[in-house]
Amino acid sequence: MGVDLLLGVLGGVLLAYAAYCTIQYRAVLKIREEEFAGPPAEVLFEIFIGLALCFWAALRVPGKYLPILPDSKENRLVSLPENQDFMIFNHRGKVFPLDLDLKHES
Amino acid sequence: MAARSGSPASASEKKLSNFENELMAFSAENLQNNMKVTFYSRTFLSIIGGVVAGILGLTGLKGFILYFIIMAVGSLGVITKAKFDIHEYFDSWNRVILDGITGGLMSFVLFWTFAYDIVHIF
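What follows is the structure, given as structure tokens:
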């Protein structure tokens, strides 16, 4: 996940740099008094690469998909919720002497 | 147990598929996790798409077309991530293709306006 996050950040930085280049390009166009038709080719390429990296990060960073079918290979353990109805306290541990010096650490 | 393949007679196959349709037992928390992951992916893609639309200087309908293109490619990515076996990770195709598109639209428009203003107006 660390590598994917880095790739996503890199994509974001590329997009920010492309925005900066477009701002400068527009300033040049304003001086030359031309219309803005679209960013220059290098900026378009940067935007495309940044978009591709962000796509990769968007699909990998949030997490994996977990299978939902109960009989799939990855769901071998069925976990019950922690229900006290299924916990047994009446076991041989009650034979141990009660240690009154034990303090509850929190 | 729902058998997914290998039933020889067509009549029993039909019965088995009816049985499968009724036996909709799946892990709801895993499904919720998958929906959450898809939602995060779509939201992030909407934001990035908005920024790209603003940088490119798109106005009007062209911007929305870019949004739907990005969402379509995003859906394709989700399907690829699920290894093309949707039924193992989601319960219906609608969740993969349609879910989250209108929610992402608003984030898209917000960041599109934001980026357009920064790049082209200020």
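Chains as they are written, first to last, in the working numbering: chain W, 1 to 106; chain E, 1 to 122.
Each residue gets a CB set at the ideal place from its N, CA and C atoms; glycine is no exception.
Fair warning: this is a prediction, and the values are worked out from it, not measured in the lab.
Contact under 8 Å by Cβ, residue i with residue j
i, j, result
"residue 137 of chain E", "residue 50 of chain E", "Given that chain E is displayed from residue 1 to residue 122, the structure contains no residue 137 of chain E and the question cannot be resolved."
"residue 118 of chain E", "residue 19 of chain W", "yes"
"residue 38 of chain E", "residue 78 of chain E", "yes"
"residue 91 of chain E", "residue 68 of chain W", "yes"
"residue 41 of chain E", "residue 108 of chain E", "no"
"residue 66 of chain W", "residue 34 of chain E", "yes"
"residue 22 of chain W", "residue 121 of chain E", "no"
Closest residue to residue i among the options (Cα-Cα distance)
i, options, result
"residue 57 of chain W", "E/53, E/81 and E/35", "E/81"
"residue 64 of chain E", "E/35, E/40 and E/101", "E/101"
"residue 7 of chain W", "W/64, W/97, W/86 and W/54", "W/54"
"residue 13 of chain W", "E/120, E/70 and E/48", "E/48"
"residue 32 of chain E", "W/64, W/59 and W/25", "W/64"
"residue 109 of chain W", "W/32, W/95, W/100 and W/10", "Chain W is shown from 1 up to 106; residue 109 of chain W falls before or after that span and cannot be answered."
"residue 72 of chain E", "E/99, E/83 and E/88", "E/99"
"residue 105 of chain E", "E/68, E/62 and E/59", "E/68"
Exposure of residue i, with buried meaning 16 or more beta-carbon neighbours within 10 Å
i, result
"residue 62 of chain W", "buried"
"residue 52 of chain E", "buried"
"residue 5 of chain W", "exposed"
"residue 115 of chain E", "buried"
"residue 51 of chain W", "buried"
Same chain, Cβ closer than 6 Å to residue i, five either side skipped, listed in chain order
i, result
"residue 97 of chain E", "75"
Sequence-distant residues of the same chain with beta carbon closer than 7 Å to residue i, five excluded per side
i, result
"residue 93 of chain E", "86"
"residue 93 of chain W", "none"
"residue 70 of chain E", "45 and 49"
Requested in this report: Could you run through the segment 47–58 of chain W and flag, in chain order, every residue whose CB is less than 7 Å away from some CB of chain B?
Outcome: Within the model displayed, chain B is absent; protein chains W and E are what it includes.
Query raised in the report: Is the segment 26–39 of chain E close to the segment 41–56 of chain W, with three or more CB pairs under 8 Å?
Result: no
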